[in-house]
Amino acid sequence: MPKSTRMPTVRGVPVTISFEGTPVECCIGETVAVALLAAGHDEFGTTRDGDPRQLLCNMGTCFDCAVTVNGAPLVRACLMPVADGMDVQPTRGV
Amino acid sequence: MSERCDVIVVGGGLLGCVLAWMLAREGADVVLLERDQINQHASGQNAGSLHFQLEYRMVEAGLESARRAAEAMPLHLDSARLWAKLGDELGESLGVIQNGGLMLAENAEQAQLLEAKSEIERSWGLDVRMLGGNEVRAIAPYLSDTVVAAAYCPIEGKADTRTAAPALARGAMRLGAKVRTRTAVTGMSRKAGGWSVATESRAADGQNTTGKIQADSVVIAGGVWTSELGDMVGANLPTIAVALTMTVTAKVAKFIPHLVQHAGAKLSLKQSGDGNLLIGGGWPARLLKRPDGKPDLHSRPELLRQSVAGNARAASRVVPAVRTIPALRTWVGTTTLTPDQLPLVGPVPNAPGMFVATGGSAFTLGPSFARVLTELVLGRPASIDLTPYDPSRYRSQNA
Amino acid sequence: MYDLAIVGAGPAGMAAAVAAADLGLSVVVFDEQQRVGGQIFRQPPTAFTGATTVFGAGYGWGRELIDRSESNSQIEWEFGTTVFGLLRDRVDGAICTRVAVTGPLGSKAVAARRVIIATGAYDMPVAIPGWTLPGVIMAGAVQSLLKSQKLLSAPRLVLAGSHPLLIVVADQLRKAGADIAEVAFARGLPTMRESLGSLGAVPGHLGLFAETGVAIARLLAAGVKVSTKTIVTAAVGDREVEAVELAKVDSRWNKVGDTRRIQTSALVLGYGFQPSTELARQAGCEMVWDSPKGGWVVAHDALMRTSAPQVYVAGEPTGVAGAEQSRAEGKLASLAVAADLSADGAVGLSVSTDGALRGARGELRHAARFSTVVQRLFEPQREALTELATPETLVCRCELVTKGQICDTLEQNPEMSRASAVKLECRSGMGPCQGRYCESSVAALVAAKRMRSVADVGYFSAHLPIKPVPVDALTMLDED
């Protein structure tokens, strides 16, 4: 049961992105962070010690929400709007 | 406040710290004075390359200039041997990794240049050999197909710029040396057969305090401030401050074990022990000038966007994977060159008991400079022929 | 070449853009968000056709400013765009400033005659044990997720901090259906009531505080537990927050008595704000330490000019003072830019800016009169907050450097006495957040250990790129 819930409102058209290969249903206008949170993905990545990381500031300053989008590393999920077919991978620290 | 010691080392970069440690190891009573923080300037800002092949900037100007620059090879070879043992002797890792260095050629002209350069280097005893394109990619699969040849030197590599000088400072302190930061030298004069060095330091309460230290010997290890320090005793120690650009990336899984340089472009590329890529190679930045036309060593030099872009392009071209890696910082470090490209190492003219070392590549050559300076301070013969580096070669140019 | 480049589209950036465009200057504004508004007026995405931005009491002018900004076709807005540094070309003694940007239109170094840095502020980081666990979230974050993306972060939350925004957010979350387990406020309630009472009386000013008074009343009426003189001392859990520990504190926020634990899957932190000054530092602007204003702030003259050539500053980077002051500073900065360009002969203005400048300076004086009072009232107790981290607590979230490691570094290097030297030695501040979340902790530790002032210990220098960008973006900087 995802912790985060969508409040009722009119959102953009539904699209599908994937996170670690798993489909995630979301809407145009949402950020990747919101799509992941609403789908119950509580870990956006792990540090080199294997500890989980997730969104903290939601405004692009902390980089704890950073994921790899379509092969590009260190993309802030809280700033990136979703697009249909987007491939999102968690950040694995080294 | 007046105190006495055997040796004052002016400058807390890599050279000053390794020197203080070596002197303390010999039982000398050492005081190291650093105007800012240990490792704050060039020593902590360079790429940490342990390079022994002649750099691009030396061959860029032609083989004659390369031949002259090769006269520093004995110092390079000596440093290579010292760096390899330094961590063990100190008892702390300095992040020394010597996986070999590759100087790349992307066309026949550059390959020929590398052949000629390697010949000069081998005549001085450096182990360096040419590899063809396929051989290069066999040991370095991260390189692009545009690489046609490379000069390979097995002893090249890196040391950890970030932590080496502070580790050596700690080692020196363990052996009884005193290290003072936020302490600038304001004057040096002959006194009682030795040197009286005037200092100004900034204490915790914000007050400046002045002091004087009496020492038998003084070593100028002040990088870009070498000339200013020489002026204090009327010695002509000409140096040219050159601001250079460095870029570091985010950490990625290890994939570049070598030190990578280029025969036709300014480039040094390596992956640190922590996984960050360090991109440099001598791309200039803009030193601001004082009203009197001299370089302003107190302001931060400005980036030249041509350098930032050119450096990034040079790295990306030979290692395509670099393109998508996030860059985290591009900064400027100011190194000290001499007018004839050879280091300045030895006794300061007309200043008995005062010595100096500086001159490009002073991070790589630091241990070597320090060893020979230790010998000079202790009155022993220098174990390397210092004639080509003698500061008195500039004596007649005294204003 | 643009006459003016503005970094940030919050109240300061919008006010600056509108003022500049009205004077006929060519202006471009860069912002990482998708729309104007900044953080305080963060809007829902345009694709959310049913959603509207709600403006708190006293911020009705925000709607008007947004409308004016969005409808002004003279302003070029580049959204989803990161400004990662300022560069200078120098030709024959003349400077041409270039703004390094990367965004949907690619990466480039945009030439502008003048730049206004209006980069806002971010929630103040406070390192407590467990603060890196998923489920720990900033007050600004949980608010913008709710207001802008219409996402409720968790069904049950504990909020802890000392800034009035925390109270407002608690009430907004409660109205959205969340169970507010507890609001732990570091200050005492009588002090709060007094200050809010006096501020709420100021007409049309500091709407936030009027709103806060109402929010407290609603929370209490709804039976939410609001604890005063209480601080969160740890977030606990294996791979996410499962519980938090709270403790009573004295007036300096030092712990008195035992900790108690309550279960929750979300901890919201709201201790105030830290100015975003990385771009200003990278540009070489002189900085000033001012704790009530949020820490290191950008120095400027009466016309918002910084010490760096062609660079002006407006809004929170001059000191966290709220949206009204940001608006006033943005407008003033633009007028100053116009006057300076006109004096240089670079632009021809059809009207003199003298009267407008006088007016803008007056507006700023009016706005600033109360911001200093507010800043003092809500200044965080920094020493006490630094004490919350234990030796095992991560101070640098990116490079995984603990408080213990920093203390050991200081112990082993007695001659080390500046924050930047500690950063170099133990890597704190060298990760992707580039020190935004650890600098204040590191500096406080160095200052305490060396018995020097935080000002004396210094700040981390900021370098291009001030946000990480791919190496490829750097290769585009030399194009014209």
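Protein chains in written order, with the working numbering: chain A, 5 to 98; chain B, 74 to 472; chain C, 7 to 486.
Even for Gly, the Cβ is constructed at its ideal location relative to N, Cα and C.
Exercise for review: Could you please give me the residues that DSSP links to Tyr-467/B through a beta bridge?
Suggested key: The residue you call residue 467/B lines up with position 394 of the second sequence. Partner(s): none; Tyr-467/B has no beta bridge.
Review point. Can you find a C-beta in chain B that's less than 7 Å from the C-beta of Leu-83/A?
Key: Locating residue 83/A in the first sequence gives position 79, where the first residue counts as 1. It does not: the Cβ of Leu-83/A has no partner Cβ on chain B nearer than 7 Å.
Check your understanding: From the DSSP output, which residues share a beta bridge with Pro-420/B?
Key -> Indexing the second sequence from 1 puts residue 420/B at position 347. Bridge partners of Pro-420/B: Phe-428/B.
Check your understanding: Do you know how far the Cα of Leu-163/B is from the Cα of Glu-405/C?
Key -> Position 399 of the third sequence, counted from the first residue, corresponds to residue 405/C. Position 90 of the second sequence, counted from the first residue, corresponds to residue 163/B. Those two C-alpha atoms are separated by around 26 Å.
**Study point:** Interface flag, Pro-386/C vs chain B, CB-CB below 7 Å
**Key:** The residue given as residue 386/C occupies position 380 in the third sequence. Answer no: the Cβ-Cβ gap between Pro-386/C and chain B never drops below 7 Å.
Check your understanding: Quick one: what's got a C-beta closer than 6 Å to Arg-456/C's C-beta in the same chain, skipping five residues either side?
Key -> Residue 456/C sits at position 450 when you count from the first residue of the third sequence. For Arg-456/C, where only same-chain residues beyond five positions count, the Cβ hits under 6 Å are Ser-423.
Check your understanding: What residues in its chain sit with their C-beta under 6 Å from that of Ala-207/C, if we drop five residues either side in the sequence?
Key -> In the third sequence, residue 207/C corresponds to position 201, counting from 1. Note that Ala-207/C has pLDDT 45, beneath the 50 cutoff, so the model's placement of it is unreliable and no number is given.
Point to revise | Ranges of the beta strand (DSSP E) found wholly within the region 134–190 of chain C, counting only runs of at least 3 | key: 142–144 and 162–167
Check your understanding: Given Arg-41/C, which residues of its chain have a CB within under 6 Å of its CB, disregarding the five upstream and five downstream residues?
Key -> In the third sequence, the residue the question calls residue 41/C occupies position 35. Counting only Cβ-Cβ distances below 6 Å, and skipping sequence neighbours, we find Gln-49.
Review point. Can a CB atom of chain B be found closer than 7 Å to the CB of Val-98/A?
Key: Along the first sequence, one-based indexing puts residue 98/A at 94. By this cut-off, Val-98/A is an interface position.
Review point. Looking at the unbroken alpha helix (DSSP H) that takes in Leu-105/B, where does it start and where does it end?
Key: Your numbering for residue 105/B matches position 32 in the second sequence. Premise fails: Leu-105/B lies in the beta strand (DSSP E), 103–106, not in any alpha helix (DSSP H).
Check your understanding: Can at least three beta-carbon pairs, one atom from the region 448–463 of chain B and one from the region 100–110 of chain C, be found at a separation below 8 Å?
Key -> no
Point to revise | 8 Å contact criterion, which Thr-312/B and Thr-409/B should meet: CB distance rounded | key: As a first step, residue 312/B is located in the second sequence; it is residue number 239 there, counting from the start. As a first step, residue 409/B is located in the second sequence; it is residue number 336 there, counting from the start. Their Cβ separation, rounded to whole angstroms, is 5 Å, which keeps Thr-312/B and Thr-409/B in contact under 8 Å.
Exercise for review: Would you mind reading off the limits of the alpha helix (DSSP H) that contains Asp-462/C?
Suggested key: Working through the third sequence from its first residue, we reach residue 462/C at position 456. Start and end: 460–463.
**Study point:** DSSP state of Pro-18/A mapped onto helix, strand, coil
**Key:** To locate residue 18/A, count along the first sequence from 1; it is residue 14. It is a strand residue.
Check your understanding: Using a C-beta to C-beta distance shorter than 8 Å, which residues of chain B count as neighbours of Asp-478/C?
Key -> Taking the third sequence and counting its residues from 1, the one referred to as residue 478/C is at position 472. Here the neighbours are Ala-385, Ser-389, Arg-396 and Thr-397.
Point to revise | Whether Ala-23/C touches Val-35/C by CB criterion (7 Å) | key: As a working note, residue 23/C is residue 17 in the third sequence. As a working note, residue 35/C is residue 29 in the third sequence. Going by C-beta atoms, Ala-23/C is nearer than 7 Å to Val-35/C.
Exercise for review: Indicate the three-state DSSP secondary structure (helix, strand or coil) for Ala-23/C in the structure shown.
Suggested key: Walking along the third sequence from the start, residue 23/C turns up at place 17. The answer is helix: DSSP assigns Ala-23/C an H, G or I state.
Check your understanding: Any C-beta of chain F sitting closer than 7 Å to the C-beta of Gly-348/B?
Key -> Annotation note: the requested chain F is absent from the structure, which comprises protein chains A, B and C.
Review point. Roughly how many whole angstroms lie between the Cα atoms of Val-473/B and Gly-25/A?
Key: The question about residue 473/B has no answer here: the residues shown for chain B are numbered 74 through 472.
Exercise for review: Pick helix, strand or coil for Gly-263/C, following the three-state DSSP scheme.
Suggested key: Indexing the third sequence from 1 puts residue 263/C at position 257. Gly-263/C: strand per DSSP, three-state reduction.
Exercise for review: Output, in chain order, the set of chain C residues within a Cβ distance shorter than 7 Å of Leu-87/B.
Suggested key: Working through the second sequence from its first residue, we reach residue 87/B at position 14. The premise fails here: Leu-87/B is roughly 13 Å from chain C at the closest Cβ pair, so nothing lies under 7 Å.
Review point. When burial is assigned at 16 or more other CB atoms within 10 Å of the CB, is Arg-96/A buried or exposed?
Key: The residue labelled residue 96/A in the question sits at position 92 within the first sequence. By the neighbour-count rule (16 or more Cβ atoms within 10 Å), Arg-96/A is not buried but exposed.
**Study point:** Span of the beta strand (DSSP E) around Pro-281/C
**Key:** If you number the third sequence from 1, residue 281/C lands on position 275. Pro-281/C -> beta strand (DSSP E) spans 279–281.
Review point. Which runs of the beta strand (DSSP E), 3 residues or longer, sit entirely within the region 166–222 of chain B?
Key: 174–178 and 202–205
Point to revise | Same chain, Cβ closer than 7 Å to Cys-432/C, neighbours up to 5 away in sequence not counted | key: To locate residue 432/C, count along the third sequence from 1; it is residue 426. Result list for Cys-432/C: Val-407, Gln-411, Ile-412 and Thr-415, in chain order.
Review point. Hey, Ala-366/C and Leu-347/C: beta-carbon distance below 7 Å or not?
Key: Within the third sequence, the letter at position 360 stands for residue 366/C. Within the third sequence, the letter at position 341 stands for residue 347/C. Their beta carbons are not under 7 Å apart, which means Ala-366/C does not touch Leu-347/C by this criterion.
Practice item. Grab me the residues of Glu-268/C's own chain with a C-beta within less than 8 Å of its C-beta, minus the 5 sequence neighbours each way, in chain order. Key: Here the question's residue 268/C lines up with position 262 in the third sequence. Before going further, note that residue 268/C is Ile rather than Glu in the sequence given. Excluding positions up to five away in sequence, the list reads Val-164, Ala-187, Glu-188, Ala-249, Val-250 and Leu-252.
**Study point:** Contact set between the region 21–53 of chain C and chain A, restricted to residues whose Cβ is under 9 Å from the partner
**Key:** Glu-38, Gln-39, Gln-40, Gln-45, Arg-48, Pro-50, Pro-51, Thr-52 and Ala-53
**Study point:** C-beta contact flag for Pro-368/B and Leu-417/B at 7 Å
**Key:** Within the second sequence, residue 368/B is the residue found at index 295, counting from 1. Within the second sequence, residue 417/B is the residue found at index 344, counting from 1. Cβ distance not < 7 Å, so Pro-368/B and Leu-417/B don't count as in contact.
Check your understanding: Any idea what DSSP makes of Tyr-574/C, helix, strand or coil?
Key -> It is not possible to answer for residue 574/C, since the shown part of chain C is limited to 7 through 486.
Check your understanding: By a C-beta neighbour count over all protein chains shown, 10 Å radius and 16 as the cutoff for buried, is Leu-226/C buried or exposed?
Key -> Within the third sequence, residue 226/C is the residue found at index 220, counting from 1. Classification of Leu-226/C: exposed, given that the 10 Å Cβ count is below 16.
Check your understanding: Do you know how far the Cα of Ile-237/C is from the Cα of Gly-167/C?
Key -> As a first step, residue 167/C must be located in the third sequence, where it is residue number 161. As a first step, residue 237/C must be located in the third sequence, where it is residue number 231. Approximately 7 Å, taken between the alpha carbons.
Review point. How would you label His-371/B, buried or exposed, when you count the other beta carbons within 10 angstroms and need 16 or more for buried?
Key: As a working mapping, residue 371/B is identified with position 298 in the second sequence. His-371/B comes out exposed.
Review point. Do we get a CB-CB distance below 7 Å when we pair Gly-194/C with the residues of chain A?
Key: Here residue 194/C is taken as the residue at index 188 of the third sequence, counted from 1. No, its Cβ sits nowhere closer than 7 Å to a Cβ of chain A.
Check your understanding: Listing by chain order, which chain B residues have their CB less than 9 Å from the CB of Glu-369/C?
Key -> For the purposes of this step, residue 369/C is taken as residue 363 along the third sequence, with counting starting at 1. Here the premise fails: no neighbours, minimum Cβ distance about 35 Å.
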